[in-house]
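K.L.:
Protein chains in written order, with the working numbering: chain A, 1 to 100; chain B, 1 to 196; chain C, 1 to 636.
1. On a CA-only basis, which of A:9, A:17, A:39 and A:11 is nearest residue 57 of chain A? Give me that one, please.
2. Under 8 Å, Cβ to Cβ, is there at least one residue of chain C near residue 84 of chain A?
3. By the 9 Å beta-carbon criterion, what residues does the region 310-322 of chain C contribute toward chain B?
4. For a contact meaning CB atoms closer than 9 Å, what does residue 8 of chain A contact in chain C?
5. Please decide whether residue 175 of chain B counts as near chain A, where near means a Cβ-Cβ distance under 8 Å.
6. Helix, strand or coil for residue 313 of chain C per DSSP?
7. Is any heavy atom in the ligand SAM found nearer than 7 Å to the beta carbon of residue 391 of chain C?
8. Under 8 Å, Cβ to Cβ, is there at least one residue of chain B near residue 243 of chain C?
9. Would you tell me roughly how many angstroms separate the C-alpha atoms of residue 152 of chain B and residue 100 of chain B, rounded to the nearest one?
10. Using a beta-carbon distance cut-off of less than 8 Å, what residues from the region 62-88 of chain A approach chain C?
11. Can you give me, in chain order, the residues of the region 590-605 of chain C that have a beta carbon less than 8 Å from any beta carbon in chain B?
12. Any C-beta of chain A sitting closer than 8 Å to the C-beta of residue 374 of chain C?
13. With DSSP collapsed to three states, give me the class of residue 571 of chain C.
14. Please confirm whether residue 134 of chain B has its beta-carbon closer than 8 Å to some beta-carbon of chain A.
15. Can you tell me where the alpha helix (DSSP H) with residue 641 of chain C in it begins and where it stops?
16. Of all the options C:389, C:565, C:401 and C:158, which has the alpha carbon lying nearest to the alpha carbon of residue 89 of chain C?
17. So with CB distances below 9 Å, who are the chain A contacts of residue 180 of chain B?
18. Within a Cβ cutoff of 7 Å, which residues of the same chain sit near residue 435 of chain C, ignoring the five residues on either side of it in sequence?
19. Which same chain residues, not among the five before or five after residue 454 of chain C, have their C-beta less than 7 Å away from its C-beta?
20. If I measure Cβ to Cβ from residue 620 of chain C and keep anything under 7 Å in the same chain, skipping five residues before and after, which residues do I get?
21. Judging by CA-CA distance, which residue of A:89, A:83, A:77 and A:62 is the nearest neighbour of residue 21 of chain A?
22. Given residue 15 of chain C, which residues of its chain have a CB within under 6 Å of its CB, disregarding the five upstream and five downstream residues?
23. Here's a check: name, in chain order, each residue in its chain whose Cβ is nearer than 7 Å to the Cβ of residue 363 of chain C, leaving out the five neighbours to either side.
24. Can you tell me where the alpha helix (DSSP H) holding residue 25 of chain C begins and where it ends?
25. Would you say residue 216 of chain C and residue 187 of chain C are within 8 Å of each other, going by their C-beta atoms?
26. Less than 8 Å between CB atoms is the rule here; does residue 1 of chain B satisfy it with respect to chain C?
27. Could you name the residues of the same chain whose beta carbon sits closer than 6 Å to that of residue 559 of chain C, not counting the 5 residues immediately before and after it, in chain order?
28. Please identify the residue among B:63, B:60, B:6 and B:179 whose C-alpha is closest to the C-alpha of residue 95 of chain B.
29. At a Cβ threshold of 8 Å, is residue 43 of chain A touching chain B?
30. Give me the DSSP bridge partner(s) of residue 216 of chain C.
31. Short of 6 Å in beta carbon distance, which residues of its chain neighbour residue 17 of chain B, apart from the five on each side in sequence? Order them along the chain.
32. Please report the residue range of the alpha helix (DSSP H) in which residue 172 of chain C lies.
33. Taking C-alpha atoms, which residue in C:297, C:31 and C:388 lies nearest to residue 377 of chain C?
34. Pull up the distance between the alpha-carbon of residue 334 of chain C and that of residue 476 of chain C, whole angstroms please.
35. Please state whether DSSP places residue 490 of chain C in a helix, a strand or coil.
36. Let me know the secondary structure DSSP gives residue 637 of chain C once reduced to three states.
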């Protein structure tokens, strides 16, 4: 980041604390939900959504992605696309078998 | 012979070299942990039965560890913010806290692992434990790596604040990005292994 | 040399202050990208030679199964090379002499391996040893030979020069990359000495065989971890360097095509290698700690139930391996295409045809390479839907390849072709890569792959792309850039003998493989198919291919001798003997000093401004200023 004024940083500090509180709250939520023992599909979806929100908060504010340069975004979007490929395709090859 | 843009940002990209470098490194780490998550998915989907994490693992302990790591993330970003506000003393407090929180995380991890080992449960026990130990173990190694870097920037590395404050601030920012990433991985690891 | 800046008030650890450095500082602990590039080159060439020797040993067994191998010939060849190179180097050229010593060491290693009575009783190769040679030949050629040469050597040396940068973005990281590679290479070589010998489960290390294999496999895995680390550090360096350190005026669309290929290659390495690192760790855990990531339940080996809890998936290994290994093959070919592009533009004295298309194609190729990997797994029982997906992406990925090849061919049209030695290799690359690419099509189509999978057809296909494909391009690069590093040219006559001999022999070795593969001869058979009735009709080709391989080895002697002799006694040439437009030739002395440029160049034009009307020379370097009247503008 460019040299910012101490005043700007103080505003950022307020944001950091807000994010911190949000992260703690979401942690409590995700643990609480796990005690409900939802059917596995729903459990996965809810856990993923909460984790994604938490992760986005860390990335956007602690890692300053929200004000970061296009180039970094581009790199991350490409990476994320391949990450999804790696998550989804292998399991598709074993779920669609040629012989039952 | 100077390498350009080690401290100053390059006008058209708006970045200094190490920042681009660390984001690229983090991209590769996404793929590294991604491969392990992918393995977890494949093994779990292909298994006739798979235990619930909350039945086998200590959820309260891991929740505590999650809070520890999130807190260490905010102390890390505050360490950098302190440098931006030219407050070196505050920086040392925050960076030191980050390190100490890392120690706490590892101690708790030690208890977790110790608990399992003392009951004769090792990675070879089942594919669940294999992926649990490998994912958390690799994550733990990354925590240790980050702590070494942070310790260096708290200790002898902090001498650079006197001679090249902007370059030092950049270094701490870059170390922070790595540390936040380690926190980020845990944010996904924790529900995936413990809560599902 | 530029400013003898002694008044630095910040002492950066990587500053040398332009004093005359001792041997150790200059060559061993250097962090200069050119020195590191040369280290990569020498190391890679040694590994290429060793991997080649392993193949020559295998081909004895294939041509004359069960006959004692004349070990003295195979160890004698590197010994001879070592002595000659030592003689050339003498006491004055210590680096050359060091290479001579290394070749002698190599010959010792080969002697050790072929005289080991447990693996080669009476000089007859056991199947286990044959399998070791096969696995290590592949591993060494791909990971210790071609990629370090194409990326580590050529990339490191040329890219900063071509973009107008003083060095790589992270010089110390660059050195760390090399040493990590070196350690990985040593570990791989050491594995030949452990009980059971080196890894023998194929370069693909498929589970569960690799999990129960002998010790050498564990060393292979550790070696791979070191090599992957080297690659990852290097790829970060390349990407940051190309993005951040381009000289003023060097826009992305003015980059030499070689730099574009290195850029995309770096992204492939960055994002595709980590899954293999993870897989390597998991296989290590299976082997050392008893986990069952890749071990299925109830596996029985030699009548014994294996003590694994099971529940693992051998297919998981295949997915993670090929997720890397498919992009890896593009890592093998892209820098080669880049070199061929440079050499062709330079030796036709005209701009490349379709530069923009080539750039978009190489970017598109990079993306696609991540979603084709399971075409290596068509025979694993995947359903038709998912197979169709991978078949389709595989067909699509051939398009950018064809565009690049076609653009290179069209670039010849209307050119004033100079048949220099590098150009000969670059020209041969075109049809050879064409054959390699076309023969890939029946492999990428699932129905035909049913017949061809794991046969010699596959070996023929990928060797055509890598051997008379990539390696020819790398030779082109070595002959081309040799004068930049040394100020001398390699001998043309020897170069021509090397070229023609290699071209003929490459085809002698690899063309018959298609015939054998179509007949159904499987790969990795230590007797070349002798036991199978369907192979009998094509067995005679084994001897043909082996003789071709050994002849190919003999022709490399011309190159090796030429290379070392020319460093010392080659014809001295000017700073830009090829009349090239790119910065590494036109804007920096020979050899380039630490920091590369006496004055940092500013770029004003594209990379291939050859035969520009209105200029007295038939080339205009990128950094040369001067207005072009609209009617005189060259379309790049």
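Glycine included, C-beta positions come from ideal geometry on N, C-alpha and C.
P.N.:
According to the structure shown:
1. Here residue 57 of chain A refers to the residue found at position 57 when the first chain is read from its first residue. Measuring from the Cα of residue 57 of chain A, the nearest candidate turns out to be A:17.
2. On the first chain, residue 84 of chain A is found 84 positions in, with the first residue counted as 1. It does not: the Cβ of residue 84 of chain A has no partner Cβ on chain C nearer than 8 Å.
3. 310, 311, 312, 313, 315, 316, 319 and 320
4. Along the first chain, read from residue 1 onward, the residue named residue 8 of chain A stands at position 8. The contacting residues do not exist; residue 8 of chain A stays about 25 Å from chain C at best.
5. As a first step, residue 175 of chain B is located in the second chain; it is residue number 175 there, counting from the start. Not one chain A Cβ lies under 8 Å of residue 175 of chain B.
6. Here the question's residue 313 of chain C lines up with position 313 in the third chain. In the structure shown, residue 313 of chain C sits in coil (DSSP, three-state: anything other than H, G, I, E or B).
7. The ligand SAM is absent from the structure shown, which contains no ligands of any kind.
8. If you number the third chain from 1, residue 243 of chain C lands on position 243. It does; some Cβ of chain B falls within 8 Å.
9. Within the second chain, numbered from 1, the residue matching residue 152 of chain B stands at position 152. Within the second chain, numbered from 1, the residue matching residue 100 of chain B stands at position 100. Between residue 152 of chain B and residue 100 of chain B, the C-alpha separation is close to 14 Å.
10. 71, 78, 79, 82, 85 and 86
11. 594 and 595
12. Here residue 374 of chain C refers to the residue found at position 374 of the third chain. Yes, its Cβ sits closer than 8 Å to a Cβ of chain A.
13. The count along the third chain starts at 1 and reaches residue 571 of chain C at position 571. In this structure, residue 571 of chain C counts as strand in the three-state DSSP scheme.
14. In the second chain, the residue the question calls residue 134 of chain B occupies position 134. For residue 134 of chain B, the answer is no, since every Cβ of chain A falls outside 8 Å of its Cβ.
15. Here chain C covers residues 1 to 636 and nothing more, so residue 641 of chain C does not appear.
16. If you number the third chain from 1, residue 89 of chain C lands on position 89. Per the Cα distances, C:565.
17. The residue you call residue 180 of chain B lines up with position 180 of the second chain. What residue 180 of chain B touches in chain A: 58, 59, 62 and 63.
18. Position 435 of the third chain, counting from 1, holds the residue named residue 435 of chain C. Counting only Cβ-Cβ distances below 7 Å, and skipping sequence neighbours, we find 464.
19. Here residue 454 of chain C is taken as the residue at index 454 of the third chain, counted from 1. These residues qualify, in order along the chain: 522 and 523.
20. The residue labelled residue 620 of chain C in the question sits at position 620 within the third chain. Excluding sequence neighbours, residue 620 of chain C sits near 581, 605, 609 and 612.
21. Within the first chain, numbered from 1, the residue matching residue 21 of chain A stands at position 21. Nearest C-alpha to residue 21 of chain A: A:62.
22. Position 15 of the third chain, counted from the first residue, corresponds to residue 15 of chain C. Confidence in residue 15 of chain C is poor, its pLDDT being 41 and thus under 50, which makes the residue's placement too unreliable to answer from.
23. Within the third chain, residue 363 of chain C is the residue found at index 363, counting from 1. Taken in chain order, the residues that qualify are 264.
24. The count along the third chain starts at 1 and reaches residue 25 of chain C at position 25. It is not in any alpha helix (DSSP H) - residue 25 of chain C carries neither H nor E in the DSSP assignment.
25. Taking the third chain and counting its residues from 1, one reaches residue 216 of chain C at position 216. Taking the third chain and counting its residues from 1, one reaches residue 187 of chain C at position 187. No.
26. Taking the first residue of the second chain as position 1, residue 1 of chain B is located at position 1. True, the Cβ-Cβ gap to chain C drops below 8 Å.
27. Within the third chain, the letter at position 559 stands for residue 559 of chain C. The residues are 498.
28. For the purposes of this step, residue 95 of chain B is taken as residue 95 along the second chain, with counting starting at 1. Of B:63, B:60, B:6 and B:179, the residue nearest in Cα terms is B:179.
29. Stepping through the first chain from its first residue, residue 43 of chain A is reached at position 43. Closer than 8 Å: yes.
30. For the purposes of this step, residue 216 of chain C is identified with residue 216 of the third chain, where counting begins at 1. Paired residues: C:198.
31. Against the second chain, residue 17 of chain B aligns to sequence position 17. Excluding residues within five positions, the ones whose Cβ falls inside 6 Å are 5 and 6.
32. Here residue 172 of chain C is taken as the residue at index 172 of the third chain, counted from 1. Start and end: 171-190.
33. Working through the third chain from its first residue, we reach residue 377 of chain C at position 377. Considering only alpha carbons, the answer is C:388.
34. What you label residue 334 of chain C is simply residue 334 of the third chain in a count that begins at 1. What you label residue 476 of chain C is simply residue 476 of the third chain in a count that begins at 1. Going from the Cα of residue 334 of chain C to the Cα of residue 476 of chain C covers about 14 Å.
35. One-based indexing of the third chain puts residue 490 of chain C at position 490. Looking at residue 490 of chain C - three-state DSSP - the assignment turns out to be coil, as it is neither helix nor strand.
36. Any property of residue 637 of chain C remains undetermined from this structure, which presents chain C solely from 1 to 636.
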